[in-house]
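Participant: For the sequence shown, our numbering gives the first residue as 9, with consecutive numbering after it. Handing you a structure now.
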Amino acid sequence: MAHQYGSMRNLMKQTCNKNVGSKINIFKWSQEMDLLAFGTEKGEVFLHRLKWQKVWQLSPPEDGLKVRGIAWRPCEKFIAIGYSNGTVLLIDLETKEEIHSFSIKTDITCLNWTDNTDEMASNDVSYSSVTSHLKYLPELPVLSSLSSTAKPLNPNRSSYCTKHILSILLIGTTTGLVYISALGMLPCGSIDVFASLGLSSSSAACIRETKMSNDFKQLIVGIEQNEALHVVVLENDVVHKNAPAVLNLALKYAQTLNTMSYINETIDCIVEAWETVLLEMDNKLTNYAKDQPEGSISADFLELLMFGTASPSLEQFLLRDLTEKGLRKLGYSIELSYVTIQRLVVKPLYTAIHAVFYHLNTLDGMLRNRFYYGTLMRDTATATEVLRSCGALQIKAHELQQTIDASKRDFKIFFRWLYVVIVRVMDESLQENQPTITQREIHYLAQFLSNFDTADTQNTTAADDGSKNVTESRRKFNLERVGQYLEDKPLVCPIENHEENGWKRLLEQNECLRKCDAIYPHYENMSLIQQQKMLRKDFDNLFDQPGKVVGADFKQKNLLTVQTSSSGANVRSFSFVCHQRDQLTLLAILQSNRSLLLTECFNDGGLKTVRLHFEEKPYFDQRFDAFGTLTFQHVEFYDEETLSLLLRAQTSNDDRATSCYFLQLNLGTVREYLATMDTRGYMQTLTEDAAGCAAINVYTLIDDSSLKLLESSDGYKIAVSGKRNVIALLSESMKNVRIYDMDGQNEEDDMLDTSSQINSSLENSQESVQT
9 MAHQYGSMRN LMKQTCNKNV GSKINIFKWS QEMDLLAFGT EKGEVFLHRL KWQKVWQLSP
69 PEDGLKVRGI AWRPCEKFIA IGYSNGTVLL IDLETKEEIH SFSIKTDITC LNWTDNTDEM
129 ASNDVSYSSV TSHLKYLPEL PVLSSLSSTA KPLNPNRSSY CTKHILSILL IGTTTGLVYI
189 SALGMLPCGS IDVFASLGLS SSSAACIRET KMSNDFKQLI VGIEQNEALH VVVLENDVVH
249 KNAPAVLNLA LKYAQTLNTM SYINETIDCI VEAWETVLLE MDNKLTNYAK DQPEGSISAD
309 FLELLMFGTA SPSLEQFLLR DLTEKGLRKL GYSIELSYVT IQRLVVKPLY TAIHAVFYHL
369 NTLDGMLRNR FYYGTLMRDT ATATEVLRSC GALQIKAHEL QQTIDASKRD FKIFFRWLYV
429 VIVRVMDESL QENQPTITQR EIHYLAQFLS NFDTADTQNT TAADDGSKNV TESRRKFNLE
489 RVGQYLEDKP LVCPIENHEE NGWKRLLEQN ECLRKCDAIY PHYENMSLIQ QQKMLRKDFD
549 NLFDQPGKVV GADFKQKNLL TVQTSSSGAN VRSFSFVCHQ RDQLTLLAIL QSNRSLLLTE
609 CFNDGGLKTV RLHFEEKPYF DQRFDAFGTL TFQHVEFYDE ETLSLLLRAQ TSNDDRATSC
669 YFLQLNLGTV REYLATMDTR GYMQTLTEDA AGCAAINVYT LIDDSSLKLL ESSDGYKIAV
729 SGKRNVIALL SESMKNVRIY DMDGQNEEDD MLDTSSQINS SLENSQESVQ T
């Protein structure tokens with residue numbers, strides 16, 4: 009017997025045996041690359057290659073979060089990670105860069121990707137619309153080259169969907185909702201699966217696994233409730249019939265959202281530069297202003313401008329606190345900050361707003377094809393409104409640029425004049441090349457000085473005893489005009505235009521022009537931040553439509569209820585695979601350690617189910633005499649035709665003596681048996697015994713090459729990759745991982761060959777996890 013099974017073990021070669029510091033909650037192989045991702049109980053996610061070479065490590069977004077799901081996006085270099093607070097991150101494998109993040113505000117139980125392997129570009133009427141930006145739009149500037157506070161990220165990412173194939177991310181939750189996201193970017197609604205079963209969100213149930221068929225018609229959801237496992241089959245026609253349209257909308261959504269995120273980062277850099285201006289003025293001018301009576305600051309400076317005499321307090325401030333050297337330093341710092349702000353506005357902000365404007369224009373044109381997009385986007389007026397909001401943001405950015413120009417001019421005049429005043433007060437002579445102040449500059453200076461006096465609004469808070477606490481207001485110089493555009497409140501001093509504006513007068517006199525969609529509004533009292541939030545709100549409202557339409561279209565088609573006992577020996581797990589050739593979905597349910605259900609879900613909603621279990625060993629087959637009693641431990645699909653099983657063997661003489669086996673079960677015989685059965689197109693309930701379901705003895709399906717003894721005797725869970733021919737075995741302690749190569753007879757160099765799709769940042773990583 010040992011000789012007979014020795015050759016089988018050689019075909020399955022252990023290549024790695026590693027201990028990790030924290031318990032592993034979830035681990036999954038990539039089907040496209042030799043990469044294994046696993047999440048620990050500390051909320052960290054690790055990415056490793058064969059031989060346990062660490063590629064990168066990702067900390068949780070917040071302390072205390074748990075990793076609930078990991079899903080590899082098919083045909084792309086992205087991975088989705090779900091956390092216990094409802095946060096979902098889409099991470100680039102090459103750079104560990106966060107491509108996109110969103111939150112569903114509830115605990116996540118599982119993540120799953122589904123894709124259609126057929127490219128949609130050949131008959132896609134909008135293919136050129138979603139890819140034309142690569143030809144016409146300039147690349148966005150790298151912010152880190154313009155601002156020291158910017159993150160060194162690539163703003164020109166456009167490979168959200170390199171093969172123009174639609175993929176759907178499914179997110180299961182503890183409240184019974186399944187969220188759908190196209191490309192992991194575009195929200196496509198949610199389905200309340202609990203409601204279809206008559207369960208409440210507070211019931212002791214949770215979604216265990218979800219899977220969508222490759223044609224996006226069926227959604228299969230596995231729900232665990234006490235001693236029952238419910239398999240719900242739902243159907244829809246919207247995504248199934250409009251997959252190319254959903255893909256185009258998701259791409260345009262991703263492109264626009266990425267550019268809007270770039271605008272957020274640009275504004276953050278502008279705010280950083282603006283706060284430098286405030287810091288410089290706080291150190292000098294505001295400290296003087298807080299000790300002066302209300303209304304006296306502007307009066308003192310205007311008196312100094314008109315009559316050349318300074319009040320004692322102002323003279324003391326100029327000579328002792330400000331000084332000539334301090335004035336030069338202050339003027340230089342403020343001018344440098346304004347130059348940084350202006351560079352960020354003129355180049356990255358303008359370029360990004362123009363890019364958003366381009367994307368929204370193409371989207372507006374796409375949505376006018378009502379035959380193609382009418383099912384998904386029922387309101388074209390909303391698209392026009394978003395376009396008008398973007399136009400208003402573009403106008404506001406131009407207004408900010410005008411304000412920066414005016415502020416630079418006013419500060420330059422102010423500091424040049426103040427320098428002359430300080431020199432004269434000190435009874436010193438001016439430099440020969442000191443420029444004089446013109447009459448027009450005096451006019452600008454007078455306007456600048458007249459707006460010095462302002463005070464922060466008093467903050468009133470309610471105390472515990474009902475009384476009101478009034479925080480003392482802080483008086484400051486009202487020198488700065490740019491900062492008001494970077495706050496989420498109306499402008500304090502809107503830009504003034506003393507010259508007669510013929511265009512404005514024309515709009516006031518003609519209501520038809522004023523309400524024309526092609527003429528973008530100018531909201532004079534709104535800040536840049538308010539305009540930006542208005543654009544984002546209108547943008548989100550526009551893309552609410554797909555979620556409402558898709559989510560409402562799913563209807564329950566079938567229900568399979570699997571009853572289990574309350575025995576602690578039960579091991580429950582779900583595993584799905586879509587069968588391309590036969591156009592159906594295979595589902596394996598580990599009902600208990602003695603019973604495994606294999607179910608075929610057909611396009612019409614029908615189900616065929618067979619039970620696999622270990623009965624008495626065939627008395628005529630001597631191969632199994634050396635084994636103890638075999639039981640199921642874990643199950644996953646290796647590929648469409650093969651089911652991978654982790655088995656436990658226990659000898660009858662010693663209950664504590666166990667061993668682990670790995671079984672590659674060819675499904676050909678099982679599916680031939682299923683083909684002889686009638687399709688069940690109605691709801692059914694299966695108990696743990698054989699009643700109501702045909703059964704097959706697993707011993708009769710085992711051949712000489714399918715069962716392999718593992719070195720580990722405490723195997724708990726497996727992760728398999730049929731395309732890469734590797735499996736990972738997790739121990740019961742959840743701190744030990746063994747990696748096996750299913751092609752053990754190959755040369756080691758061939759076995760360790762990594763995917764050519766991954767870039768050098770992955771290939772050069774050699775760091776190992778600390779044991």
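Yeah, the Cβ is synthetic: ideal placement off N, Cα and C, and Gly gets one too. Small disclaimer: the values here were computed from a predicted structure and weren't measured.
Tell me which residues share the same chain as A454 and place their Cβ nearer than 8 Å to its Cβ, disregarding the 5 neighbours each side in the sequence.
Facilitator: For the purposes of this step, residue 454 is taken as residue 446 along the sequence shown, with counting starting at 1. Correct list, in chain order: L310, L313.
Participant: At the level of alpha carbons, what is the spacing between E480 and S306?
Facilitator: What you label residue 480 is simply residue 472 of the sequence shown in a count that begins at 1. What you label residue 306 is simply residue 298 of the sequence shown in a count that begins at 1. Its pLDDT being 42, under 50, E480 is placed unreliably in this model, and the coordinates cannot settle the point.
Participant: According to DSSP, simplified to helix, strand and coil, what is M20?
Facilitator: Within the sequence shown, numbered from 1, the residue matching residue 20 stands at position 12. In this structure, M20 counts as coil in the three-state DSSP scheme.
Participant: Which of the three DSSP states is assigned to K404 in this structure?
Facilitator: One-based indexing of the sequence shown puts residue 404 at position 396. In this structure, K404 counts as helix in the three-state DSSP scheme.
Participant: Got a sec: does the ligand NAP put a non-hydrogen atom nearer than 6 Å to the Cβ of P502?
Facilitator: Here there are no bound small molecules, and the ligand NAP is not part of this structure.
Participant: Alpha carbon to alpha carbon, how far is Q492 from W37? Give it in angstroms, no decimals.
Facilitator: Here residue 37 is taken as the residue at index 29 of the sequence shown, counted from 1. Here residue 492 is taken as the residue at index 484 of the sequence shown, counted from 1. If I take the Cα positions, the gap works out to 51 Å.
Participant: Going by beta carbon distance, what residues of the same chain come within less than 6 Å of Q658, once the five residues before and after it are set aside?
Facilitator: Residue numbering aside, residue 658 sits at position 650 when the sequence shown is read from its first letter. Within the same chain, Q658 has close Cβ partners G636, T637, T666.
Participant: Does N566 pass the burial test, meaning 16 or more other C-beta atoms within 10 Å, or should it be called exposed?
Facilitator: Here residue 566 refers to the residue found at position 558 when the sequence shown is read from its first residue. With 16 or more other Cβ atoms within 10 Å, it is buried.
Participant: Cα separation between S600 and V239?
Facilitator: The residue given as residue 600 occupies position 592 in the sequence shown. The residue given as residue 239 occupies position 231 in the sequence shown. Distance between the alpha carbons of S600 and V239: 16 Å.
Participant: Short check: CB of A360 to CB of T267, under 7 Å?
Facilitator: As a first step, residue 360 is located in the sequence shown; it is residue number 352 there, counting from the start. As a first step, residue 267 is located in the sequence shown; it is residue number 259 there, counting from the start. Yes, the Cβ-Cβ distance between A360 and T267 is below 7 Å.
Participant: Between the Cα of P69 and those of A45, L97, T117, I199, spot the shortest distance and give me the residue it belongs to.
Facilitator: The sequence position of residue 69 within the sequence shown is 61, counting from 1. P69 has its Cα closest to that of L97, out of A45, L97, T117, I199.
Participant: How is I503 classed by DSSP in three states: helix, strand or coil?
Facilitator: Counting from 1 along the sequence shown, the entry for residue 503 is found at position 495. I503: coil per DSSP, three-state reduction.
Participant: Taking C-beta to C-beta, are R619 and A683 nearer than 7 Å?
Facilitator: Taking the first residue of the sequence shown as 1, we reach residue 619 at position 611. Taking the first residue of the sequence shown as 1, we reach residue 683 at position 675. No, they are not a contact pair.
Participant: State the CB to CB distance for the pair L4 and L675, rounded to an integer number of angstroms; the pair is presumed to be in contact (CB under 8 Å).
Facilitator: Because the chain here runs from 9 to 779, residue 4 falls outside it and cannot be looked at.
Participant: Going by the beta-carbon positions, is the gap between K104 and S92 smaller than 7 Å?
Facilitator: Looking up residue 104 in the sequence shown gives position 96. Looking up residue 92 in the sequence shown gives position 84. No. Outside cutoff.
Participant: For the beta strand (DSSP E) containing Y669, name the first residue and the last one.
Facilitator: For the purposes of this step, residue 669 is identified with residue 661 of the sequence shown, where counting begins at 1. Note, Y669: beta strand (DSSP E), 666-674.
Participant: Starting from the Cα of D612, find the closest Cα among M220, K159, T687, F562 and give me that residue.
Facilitator: Translated into the one-based positions of the sequence shown, residue 612 becomes position 604. Answer by Cα proximity: T687.
Participant: Residues in the same chain with beta-carbon distance under 8 Å from P498, minus the five sequence neighbours each way, listed in chain order, please.
Facilitator: For this step, residue 498 is matched to residue 490 along the sequence shown. Here the set comprises N533, M534, S535, Q538.
Participant: State buried or exposed for A560, treating a residue as buried only when at least 16 other CB atoms are found within 10 Å of its CB.
Facilitator: For this step, residue 560 is matched to residue 552 along the sequence shown. Exposed: under 16 other Cβ atoms inside 10 Å.
Participant: Please state if the CB of N222 and the CB of C586 are separated by a distance shorter than 7 Å.
Facilitator: Here residue 586 refers to the residue found at position 578 of the sequence shown. Here residue 222 refers to the residue found at position 214 of the sequence shown. Cβ distance < 7 Å, so C586 and N222 count as in contact.
Participant: List the DSSP bridge partners of I176.
Facilitator: Taking the sequence shown and counting its residues from 1, one reaches residue 176 at position 168. The partner list for I176 (beta bridge, DSSP) reads T122, A190.
Participant: Enumerate, from N- to C-terminal direction, the unbroken beta strand (DSSP E) stretches of 3 or more residues contained entirely within the stretch 564-605.
Facilitator: Correct list: 582-587, 592-600.
Participant: Sorted by chain position, which residues of the same chain lie with C-beta nearer than 6 Å to T284's C-beta, five sequence neighbours on each side aside?
Facilitator: By one-based count along the sequence shown, residue 284 stands at place 276. Answer for T284: S345, listed in chain order.
Participant: Between which residues of its own chain and V201 is the CB-CB distance below 7 Å, once the five residues before and five after are set aside?
Facilitator: The residue you call residue 201 lines up with position 193 of the sequence shown. Only G184, V186, I215, V229, I231, V240 meet the Cβ criterion.
Participant: Less than 7 Å separating the beta-carbons of K85 and L101?
Facilitator: Taking the first residue of the sequence shown as 1, we reach residue 85 at position 77. Taking the first residue of the sequence shown as 1, we reach residue 101 at position 93. Contact: yes.
Participant: On the premise that D418 lies in contact with Y452, defined as a C-beta separation below 8 Å, what is that separation, rounded to the nearest angstrom?
Facilitator: Locating residue 452 in the sequence shown gives position 444, counting from the first residue. Locating residue 418 in the sequence shown gives position 410, counting from the first residue. Their Cβ separation, rounded to whole angstroms, is 6 Å, which keeps Y452 and D418 in contact under 8 Å.
Participant: Cα separation between V28 and R746?
Facilitator: Walking along the sequence shown from the start, residue 28 turns up at place 20. Walking along the sequence shown from the start, residue 746 turns up at place 738. Cα to Cα, the separation comes out at about 11 Å.
Participant: Applying the criterion that 16 or more other CB atoms from any shown protein chain within 10 Å of the CB defines a buried residue, is N549 buried or exposed?
Facilitator: Counted from its first residue, the sequence shown places residue 549 at position 541. Looking at its Cβ environment, which holds fewer than 16 other Cβ atoms inside 10 Å, N549 is exposed.
Participant: Since T607 and L595 are thought to touch, with beta carbons under 8 Å apart, how far apart are those beta carbons, to the nearest angstrom?
Facilitator: If you number the sequence shown from 1, residue 607 lands on position 599. If you number the sequence shown from 1, residue 595 lands on position 587. Indeed they touch by this definition, with Cβ atoms about 4 Å apart.
Participant: Can you tell me which of L357, L514, D496, C520 puts its alpha carbon nearest to the alpha carbon of K541?
Facilitator: For this step, residue 541 is matched to residue 533 along the sequence shown. It is D496 whose Cα lies nearest to the Cα of K541.
Participant: Measure from the alpha carbon of K563 to the alpha carbon of each residue in S198, Y358, E40, then state which is nearest.
Facilitator: The residue given as residue 563 occupies position 555 in the sequence shown. If we check each option's Cα against that of K563, S198 comes out closest.
Participant: With 16 other CB atoms within 10 Å as the buried threshold, where does C196 fall?
Facilitator: For the purposes of this step, residue 196 is taken as residue 188 along the sequence shown, with counting starting at 1. Classification of C196: buried, given that the 10 Å Cβ count is 16 or more.
Participant: Just the Cα atoms here: how many angstroms apart are K298 and S304?
Facilitator: In the sequence shown, counting from the first residue as 1, residue 298 sits at position 290. In the sequence shown, counting from the first residue as 1, residue 304 sits at position 296. Straight-line Cα distance between these residues: approximately 11 Å.
Participant: Any contact between the stretch 511-523 and the stretch 380-397? By contact I mean 3 or more CB pairs, one from each, below 8 Å.
Facilitator: No: the two stretches stay apart, fewer than three of their Cβ pairs being nearer than 8 Å.
Participant: Identify whether E608 lies in helix, strand or coil by the three-state DSSP scheme.
Facilitator: Mapped onto the sequence shown, residue 608 falls at position 600. DSSP places E608 in strand when its eight states are reduced to three.
Participant: DSSP three-state call for G614: helix, strand or coil?
Facilitator: As a position in the sequence shown, residue 614 is number 606, starting the count at 1. Coil at G614, not helix or strand.
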